[in-house]
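See below for the structure under consideration.
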Amino acid sequence: MFDVEKIRDDFPILSKKVYGNPLVYLDNAATSQKPRQVIDSLVDYYENYNANVHRGVHTLSMEATDRFEEAREKVARFINAESSDLVMWTRNASESLNLIAYSWGEDNVHEGD
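Residue numbers for the sequence shown follow this note's numbering, beginning at 7 and rising by one.
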């Protein structure tokens, strides 16, 4: 069964009380709260290999690029993509949906559909 408390425990901010009640956050379209694993990964990145990805030949840039591409491969496996080349990063859901609408949509959706 789905253990909501176990999931909430992964999100440090959800331990916050608002007016004496547990925080409930419903504005995920604007930003989503981060689980401990994401926060820890970001701290690791900023403390150990903060550099531009695919833009340098120095050690930090190469390490950041390797981690970036490892993440792409993990996502590809998770969504069962044929190749990690099919995984494309965007800034947010709106940008992703707009890319689909303006690339696939303009070629495949026509007046009257």
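Where a beta carbon is used, it is the ideal one built from N, C-alpha and C, also for glycine.
query, result
"Helix, strand or coil at V81 according to DSSP, with G and I counted as helix", "helix"
"Segment contact flag, the segment 32-43 with the segment 56-74, C-beta cutoff 8 Å, min 3 pairs", "no"
"Heavy atom of the ligand NAD within 7 Å of L92 beta-carbon", "In the structure on display, the ligand NAD does not appear, and there are no ligands present to speak of."
"Supposed contact pair V93 and R73 - C-beta distance, whole angstroms, cut 8 Å", "Not a contact, Cβ separation roughly 14 Å."
"L29, enclosing alpha helix (DSSP H) - first and last residue", "Neither: L29 is in no alpha helix (DSSP H) and is coded neither H nor E."
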